[in-house]
Structure formats: C-alpha cells, structure tokens
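The structure appears right after this line, and notes come after that.
Numbering (our numbering), first residue to last: 81 to 299.
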C-alpha cells in the first residue's frame, strides 16, 4: 500500500459523499483514515466505519484548496503532527461524485515563526538574514529571497524592492517596516516570534502573510 511505503502517519480523505473513506476502510490500513467532509450527515455515517476519523470541514472551490484544508483540519484535530508525512486521496473538484482520482503525498509543515501578517499572499523563498550593523550594500537579493531583520532601518528600505517577502521582530503596524511593506505591496510578517537566526538556516521557507505564519518548505 502506497501510504505504508512512504511512511505516512495518516491517510487524509477529503470527501463529500464519504465513498473514498468507506472504500479505504475495507482495506484496514495500519494508519488512521481522516475523512474531512462538509456534510454533517456524512460525518455521522463515517463514524461507524473501521479506522475512519471524520472531521467537519467546508466546501472549497479548487482541488488545491481542498487538499490544503484537509491538511489543516487534520492537524487542528490532532490526528497528525508537524513534520508528518500524509497521503491525501479523494476526488478532484468538478469530478463525478463518488469518484477517487486524486492521490498526492504531503508533509505537514513545521511552524517556524508567527506574528502579524501583512498582505494576503503566500510566498516561498530563500531566507536571507541581515543582523544589526551588518553591511548590506554587497547583498545581492532577488525576488526569490525573503529578508529577515530584527528592525528595518530606513536606510534598508531600498532592499525591499528586490525581495519577495519580509520578516521582522519589529512591532506594530505603524512601524517603519510595516508601513514600507504595505506601500510596496510586499508580503510581510511583523512582530515575529521565533528564533530568526535558526529560521535563516533553512534552505527554503514559506511565508503566509494571510495567517501570519512562517513554515518550512513542504514536499
């Protein structure tokens, strides 16, 4: 079974009708089947099936949204942990009800930092740490980089035009960092809580400005 081969901690089955989770239950996999459904009726039905742990969710418009929502709901419900590998299977949005034509493997991202998000974008990039007093003139930054600073000095403002995101422990939406990011339409995290030095050691990170969370890169 694929879920066993990849070392999945759980099988996530986003479903409207419940058919995917019911079918999986027949095979009695060793890991839990977390069925995320928008239907309270289906939720109650699935509670009767072996190995199925139903969770109530919401309808989504795209397949990517369905998968992301299933991962979040399973994490919030405590069936999976940060860093776990999961197998997600179900029907793609718009397919025939009851069909199962989606199989994908995901890793639950680890939360590296939290704070006040500015913007609605989710950006992926290389973390670049700039410490207080460190020369910045020779920094060659691109839109694939996410700048990490303790506090944004006005002299560093021009750097924001060359990066894809900003993370700073500087507090408040009235701070220079916040105002500069908003003016440029740059996804940012202010009042960041977390080890910024350790954050910069990751090769790739994901900054979700809409939720104010920084994750490690997903599979």
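Idealized CB from N, CA, C, for every residue including glycine. Keep in mind it's a predicted model, so treat the numbers as computed, not measured.
A residue is called buried when at least 16 other Cβ atoms come within 10 angstroms of its Cβ; residue 288 meets this threshold and is buried. Under the rule that a run must span 4 or more residues, the alpha helix (DSSP H) segments found entirely inside the region 92 to 164 read 99 to 106, 120 to 126 and 143 to 156. When secondary structure is reduced to three states using DSSP, residue 236 falls in the helix class.
Assignment of beta-bridge partners to residue 295 by DSSP yields 191 and 286. The residue among 213, 103, 146 and 205 with its C-alpha nearest the C-alpha of residue 221 is 205. DSSP places residue 225 in the strand class (E or B) of the three-state scheme.
In the three-state scheme derived from DSSP, where H, G and I count as helix and E and B as strand, residue 270 is classed as strand.
In this structure the region 178 to 190 does not touch the region 266 to 274; the number of beta carbon pairs closer than 8 Å is below three. CA-CA distance, residue 260 to residue 243, rounds to 13 Å.
The region 160 to 170 and the region 85 to 96 touch, with no fewer than 3 CB-CB distances between them shorter than 8 Å.
One Cα belongs to residue 235, the other to residue 217, and the distance between them is close to 10 Å.
With 16 or more other CB atoms across the displayed protein chains lying within 10 angstroms of its CB, residue 250 is buried.
About 7 Å separates the beta carbons of residue 116 and residue 149, which is inside the 8 Å limit, making them a contact pair. Residue burial annotation: residue 127 is exposed, with fewer than 16 other C-beta atoms found within 10 angstroms of its C-beta. Per DSSP, the continuous alpha helix (DSSP H) segment holding residue 84 begins and ends at 82 to 85. The DSSP-derived three-state label of residue 243 is coil. Distance from the CA atom of residue 159 to the CA atom of residue 207, rounded to whole angstroms, is 30 Å.
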